[in-house]
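Chemist: In order, the protein sequence lines correspond to chains A and B.
In terms of my numbering, the first sequence opens at residue 7 and continues consecutively.
In terms of my numbering, the second sequence opens at residue 89 and continues consecutively.
Just so you know, even glycine gets a beta-carbon here, dropped at the ideal spot from N, CA and C.
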Amino acid sequence: MPANRFNGFTDYGIGIGLRIPHYRHILERKPVVDWFEIISENYMVDGGKPLKVLDRILEQYRVVQHGVSMYFGSAEPLNPEHLKRLKNLVRRTRTPWLSDHLCWGSVDGTYTHDLLPMPYTFEAARITAQKIRQVQDTVEVPVVVENVSSYAEYHVSEMTEWEFLNEVVERADCGILLDVNNIYVSSRNHDFDPFTYVNSVPAHRVAQIHIAGHSKFEKYILDTHDHPVIDPVWALYARAIERCGPTATLLEWDDKIPSFEEVHAEALKANRFFQKQAPFVPAVEAPGARALVLP
Amino acid sequence: MSELLNLQRRVAAVILQPLTSAETMRRSAKAEADALIKPNKVLSSFERLEIYNQQYWFRVLSCFAEDFPGLRAIVGVRTFEKLMRAYLTDCPSRSFTLRNLGSRLEEWLSTNPKWIGSNPRLVLDMVRLEWAHIEAFDGGFEPVLTPAEIEAAGLDLRISLQPYVRLLELAYPVDDLLIEVHDYEGEGNVSSNAARQSRLRTRVRHYAKPEPEPVYLAVHRADDSVYYKRLQLESYRMLKALSQQAPLGNAIERAFEGSSMPEEERIPALQEWFANWAQLGWFSRAPVA
Numbered sequence: 007m008p009a010n011r012f013n014g015f016t017d018y019g020i021g022i023g024l025r026i027p028h029y030r031h032i033l034e035r036k037p038v039v040d041w042f043e044i045i046s047e048n049y050m051v052d053g054g055k056p057l058k059v060l061d062r063i064l065e066q067y068r069v070v071q072h073g074v075s076m077y078f079g080s081a082e083p084l085n086p087e088h089l090k091r092l093k094n095l096v097r098r099t100r101t102p103w104l105s106d107h108l109c110w111g112s113v114d115g116t117y118t119h120d121l122l123p124m125p126y127t128f129e130a131a132r133i134t135a136q137k138i139r140q141v142q143d144t145v146e147v148p149v150v151v152e153n154v155s156s157y158a159e160y161h162v163s164e165m166t167e168w169e170f171l172n173e174v175v176e177r178a179d180c181g182i183l184l185d186v187n188n189i190y191v192s193s194r195n196h197d198f199d200p201f202t203y204v205n206s207v208p209a210h211r212v213a214q215i216h217i218a219g220h221s222k223f224e225k226y227i228l229d230t231h232d233h234p235v236i237d238p239v240w241a242l243y244a245r246a247i248e249r250c251g252p253t254a255t256l257l258e259w260d261d262k263i264p265s266f267e268e269v270h271a272e273a274l275k276a277n278r279f280f281q282k283q284a285p286f287v288p289a290v291e292a293p294g295a296r297a298l299v300l301p
Numbered sequence: 089m090s091e092l093l094n095l096q097r098r099v100a101a102v103i104l105q106p107l108t109s110a111e112t113m114r115r116s117a118k119a120e121a122d123a124l125i126k127p128n129k130v131l132s133s134f135e136r137l138e139i140y141n142q143q144y145w146f147r148v149l150s151c152f153a154e155d156f157p158g159l160r161a162i163v164g165v166r167t168f169e170k171l172m173r174a175y176l177t178d179c180p181s182r183s184f185t186l187r188n189l190g191s192r193l194e195e196w197l198s199t200n201p202k203w204i205g206s207n208p209r210l211v212l213d214m215v216r217l218e219w220a221h222i223e224a225f226d227g228g229f230e231p232v233l234t235p236a237e238i239e240a241a242g243l244d245l246r247i248s249l250q251p252y253v254r255l256l257e258l259a260y261p262v263d264d265l266l267i268e269v270h271d272y273e274g275e276g277n278v279s280s281n282a283a284r285q286s287r288l289r290t291r292v293r294h295y296a297k298p299e300p301e302p303v304y305l306a307v308h309r310a311d312d313s314v315y316y317k318r319l320q321l322e323s324y325r326m327l328k329a330l331s332q333q334a335p336l337g338n339a340i341e342r343a344f345e346g347s348s349m350p351e352e353e354r355i356p357a358l359q360e361w362f363a364n365w366a367q368l369g370w371f372s373r374a375p376v377a
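1) Are the CB atoms of residue 228 (chain B) and residue 252 (chain B) nearer to each other than 8 Å?
2) Counting only runs that start and end within the segment 20 to 100 of chain A, where is the beta strand (DSSP E) found for 3 or more residues in a row?
3) Please compile the residues from chain B whose C-beta is within a distance smaller than 7 Å of the C-beta of residue 53 (chain A).
4) The segment 116 to 127 of chain A: which residues have C-beta closer than 8 Å to a C-beta of chain B, in chain order?
5) Determine the extent of the alpha helix (DSSP H) in which residue 194 (chain B) is found, giving its start and end residues.
6) Give, in chain order, every residue of the segment 89 to 121 of chain B whose Cβ lies closer than 8 Å to some Cβ of chain A.
7) Taking only beta-carbon positions, decide if residue 114 (chain A) is within less than 8 Å of chain B.
8) If you measure from the beta carbon of residue 162 (chain A) to each beta carbon in chain B, is any gap under 8 Å?
9) Less than 8 Å between CB atoms is the rule here; does residue 324 (chain B) satisfy it with respect to chain A?
10) Report yes if the C-beta distance between residue 242 (chain A) and residue 186 (chain A) is below 8 Å; otherwise report no.
11) Taking a cut of 7 Å between CB atoms, which residues from the segment 164 to 183 of chain A lie near chain B?
12) Is residue 216 (chain B) close to chain A? Criterion is C-beta to C-beta, closer than 8 Å.
13) Just to confirm the assignment, what range does the alpha helix (DSSP H) spanning residue 340 (chain B) have?
14) Which value, in whole angstroms, describes the spacing of the CA atoms of residue 357 (chain B) and residue 347 (chain B)?
15) List, in chain order, every chain A residue whose beta-carbon is nearer than 7 Å to that of residue 312 (chain B).
16) Let me know if residue 212 (chain B) comes out buried or exposed under the rule of 16 or more other beta-carbons within 10 Å of its beta-carbon.
17) Who are the near neighbours of residue 299 (chain A) in its chain, counting only those whose CB is closer than 7 Å to its CB and skipping five residues on each side?
18) Would you say residue 142 (chain B) faces chain A, with C-beta separation under 8 Å as the test?
19) Please name the residue in A:93, A:80, A:12 and A:104 whose C-alpha comes closest to that of residue 113 (chain A).
20) Closer than 8 Å, Cβ to Cβ, to anything on chain B: give me those residues from the segment 196 to 213 of chain A, in chain order.
21) Can you pull the chain A residues whose beta carbon is under 9 Å from the beta carbon of residue 125 (chain B), in chain order?
22) Using 8 Å for Cβ pairs, my map puts residue 265 (chain B) next to residue 164 (chain B). What's the rounded Cβ distance?
23) Below 8 Å between beta carbons: does that hold for residue 20 (chain A) and residue 255 (chain A)?
24) Got a sec, what are the start and stop residues for the beta strand (DSSP E) residue 317 (chain B) sits in?
25) Does the beta carbon of residue 9 (chain A) sit closer than 8 Å to a beta carbon anywhere in chain B?
26) Can you name the residues of chain A whose CB is closer than 9 Å to the CB of residue 438 (chain B)?
27) Could you give the DSSP three-state label for residue 111 (chain A): helix, strand or coil?
28) Once you ignore the five residues that flank residue 111 (chain A) on each side, which residues in its own chain have a CB closer than 7 Å to its CB?
29) What's the C-alpha gap between residue 197 (chain A) and residue 127 (chain A)?
30) Any C-beta of chain B sitting closer than 8 Å to the C-beta of residue 103 (chain A)?
31) For a quick check, are the C-beta atoms of residue 89 (chain A) and residue 46 (chain A) less than 8 Å apart?
32) Between residue 67 (chain A) and residue 95 (chain A), is the Cβ-Cβ spacing less than 8 Å?
33) Could you work out which residues of chain A lie near residue 317 (chain B), taking near to mean beta carbons separated by less than 7 Å?
34) I'd like to know whether the C-beta atoms of residue 51 (chain A) and residue 104 (chain A) end up nearer to each other than 8 Å.
35) According to DSSP, simplified to helix, strand and coil, what is residue 190 (chain A)?
36) In the segment 128 to 150 of chain A, which residues sit with their C-beta less than 7 Å from some C-beta in chain B, listed in chain order?
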């Protein structure tokens with residue numbers, strides 16, 4: 007769904023996550039990349055190398071912020087220090103939209119630093135939506151929420167995960183970062199049809215898509231972001247693109263990170279699905295970068 | 089209390105509970121797991137919640153170990169394993185960023201001396217240095233005060249040190265040891281919240297314990313890297329006074345109180361220190377009170 011109000015009316019193509027092992031390659035060789043996604047918390051610091059590198063990246067590339075610890079679903083109030091730093095970073099990066107996870111992770115001021123699954127209840131949806139609205143009002147850019155991988159479900163849940171996602175985004179009037187790898191991982195862990203999930207998402211709210219690899223164990227799948235994307239996830243991605251149109255897509259690779267070229271090549275495989283939907287991927291507007299031409 | 093808050097407190101209480109020595113969830117959590125979590129065809133409620141209990145500990149232990157390799161080199165791997173579990177049990181993260189995981193370690197060790205062993209000062213010196221390193225790495229930066237501005241303002245000038253400059257008075261040369269540890273083990277990275285299959289394990293070797301030696305140190309940043317700069321006692325006192333917002337004239341007095349440095353060497357020393365510190369960009373204008 008190119009250029010909608012949830013992605014700040016942009017038409018971003020295929021991006022990759024900005025990771026420390028690739029800093030030197032990117033800064034020295036200036037590869038053609040449509041956009042980078044940064045983990046917001048890594049740059050919510052007062053100074054030093056993280057911000058210096060970020061500023062150099064911003065001179066050349068478009069950057070989108072992705073958070074890991076806002077915890078929209080935590081019952082406790084938002085952390086004002088976190089919000090303040092996030093807003094400062096938004097000003098710095100001029101991110102067209104801001105994403106974080108539909109999960110919880112803190113309680114009574116103690117942080118687990120994990121993306122814990124929500125109980126799918128109406129009360130949780132109401133509280134979560136209220137907090138998303140608060141963040142959106144503060145940062146003044148569209149907020150989009152990402153579905154997480156999960157390994158457990160609660161007895162108290164009153165609906166499916168996709169019904170809960172829909173309930174939250176409608177109440178919050180926010181966008182969705184659809185992680186098709188997470189849908190696949192959760193579908194295997196909870197025994198549901200992942201296409202039912204993808205087909206149930208309100209396509210007009212999808213601002214961005216995540217793809218990634220994972221690790222398979224005997225009894226469950228873990229979202230490790232340390233492998234290439236597998237075919238069943240590409241199939242989900244194809245369906246998502248079919249429903250949403252060519253959507254800003256990002257490959258996550260966070261552990262056992264291979265060379266920049268390898269990660270980028272894996273991400274660009276998404277082009278073949280874009281191609282079916284549109285004749286070209288939008289040109290890169292950042293100074294010094296060139297248009298991304300399809301193979 | 090909302091049902092959501094109640095559930096989250098109960099789940100967090102289980103997840104934050106320390107793992108067994110086999111890195112599994114404690115059996116005592118079974119009843120709570122059954123009460124909260126649905127089983128599926130292949131995993132019990134206990135096994136499903138255990139994934140989160142393990143993920144939590146794998147993540148915080150890996151992060152802590154990356155932040156304090158010098159402490160591990162001093163206390164040894166076995167003690168370090170127990171110490172970090174005890175610390176993280178008593179002081180779970182209270183910050184949205186894992187960067188602050190070790191912020192209460194010095195204070196915690198001071199009140200839990202059983203973890204410090206026979207040489208508390210050595211251990212605490214290393215912890216202070218490792219925390220100063222973290223703070224220097226991403227500490228703030230203020231506009232630099234130029235030598236000409238300092239000269240023009242005279243002795244009443246109040247100078248601030250850059251927020252990334254940390255001053256330490258140490259009883260052991262732990263700076264040398266930490267440099268050796270970093271050279272051998274490398275420095276850590278920051279990543280996302282992706283799940284971990286296991287804890288990060290780093291190469292560990294035996295390091296010789298340093299002998300006592302007073303060290304006055306500035307932990308600072310240059311070209312985005314953290315450096316340890318040894319200082320003379322007088323220059324350390326001077327910087328300490330400046331960091332406490334003392335006027336320049338008063339800081340100079342405090343620097344040489346009881347000093348054995350001959351009078352005729354003091355002015356050249358001051359000129360050399362200031363030129364060096366100004367070149368490093370350590371001075372900024374103190375905020376107006």
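Modeler: Concretely, from the data shown:
1) With contacts defined by Cβ atoms closer than 8 Å, residue 228 (chain B) and residue 252 (chain B) form a contacting pair.
2) Listed in chain order, the complete beta strand (DSSP E) runs (minimum 3 residues) inside the segment 20 to 100 of chain A are 20 to 23, 41 to 45 and 68 to 72.
3) By Cβ distance, chain B contributes 226, 227, 228, 229 and 252.
4) Using a CB distance below 8 Å, the part of the segment 116 to 127 of chain A facing chain B consists of 116, 117, 118, 119, 120, 121, 122, 125 and 127, ordered along the chain.
5) Boundaries of the alpha helix (DSSP H) around residue 194 (chain B): 193 to 199.
6) Listed by position, the residues of the segment 89 to 121 of chain B near chain A (Cβ gap below 8 Å) are 90, 91, 92, 93, 95, 96, 97, 99, 100, 103 and 104.
7) So, interface residue.
8) It does: the Cβ of residue 162 (chain A) has a partner Cβ on chain B nearer than 8 Å.
9) Chain A contact via Cβ: absent.
10) Against a cut-off of 8 Å, the Cβ pair of residue 186 (chain A) and residue 242 (chain A) comes out as a contact.
11) Those residues of the segment 164 to 183 of chain A placed with their C-beta closer than 7 Å to a C-beta in chain B do not exist.
12) By this cut-off, residue 216 (chain B) is not an interface position.
13) Its alpha helix (DSSP H) spans residues 336 to 344.
14) Using only the alpha carbons, I get a separation of about 13 Å.
15) Residues of chain A whose Cβ lies closer than 7 Å to the Cβ of residue 312 (chain B) are, in chain order, 54, 55 and 58.
16) When all chains shown are included, residue 212 (chain B) counts as buried.
17) Model confidence at residue 299 (chain A) stands at a pLDDT of 33, short of 50, so the residue's coordinates are unreliable; what they give is reported in the following sentence. Nothing listed; no residue qualifies.
18) Taking Cβ atoms only, chain A never reaches closer than 8 Å to residue 142 (chain B), which makes this a no.
19) Among A:93, A:80, A:12 and A:104, the Cα nearest to that of residue 113 (chain A) belongs to A:80.
20) Residues of the segment 196 to 213 of chain A with a C-beta atom less than 8 Å from some C-beta of chain B are 196 and 197, listed in chain order.
21) The contacting residues are 158, 159, 160 and 161.
22) So it is not a contact: roughly 14 Å between Cβ atoms.
23) In this structure, the beta-carbon distance from residue 20 (chain A) to residue 255 (chain A) falls below 8 Å.
24) Here the beta strand (DSSP E) through residue 317 (chain B) covers 313 to 319.
25) For residue 9 (chain A), the answer is no, since every Cβ of chain B falls outside 8 Å of its Cβ.
26) Look at the range of chain B in this structure, 89 to 377, and you will see that residue 438 (chain B) is not part of it.
27) The three-state secondary structure of residue 111 (chain A), taken from DSSP, is strand.
28) Listed in chain order, the non-local C-beta contacts of residue 111 (chain A) below 7 Å within the same chain comprise 75, 77, 80, 117, 118, 119, 120, 121 and 122, local neighbours out to five positions each way being set aside.
29) Distance between the alpha carbons of residue 197 (chain A) and residue 127 (chain A): 20 Å.
30) Judged by the 8 Å Cβ criterion, residue 103 (chain A) is not in contact with chain B.
31) Taking 8 Å as the cut-off, the Cβ atoms of residue 89 (chain A) and residue 46 (chain A) do not count as close.
32) Cβ distance not < 8 Å, so residue 67 (chain A) and residue 95 (chain A) don't count as in contact.
33) Going along chain A, no residue has its Cβ under 7 Å from residue 317 (chain B), so there is no contact; the nearest lies around 17 Å.
34) Cβ atoms of residue 51 (chain A) and residue 104 (chain A): not closer than 8 Å.
35) Under the three-state reduction of DSSP, residue 190 (chain A) is assigned to helix.
36) From the segment 128 to 150 of chain A, only 129, 130 and 133 have a Cβ closer than 7 Å to chain B.
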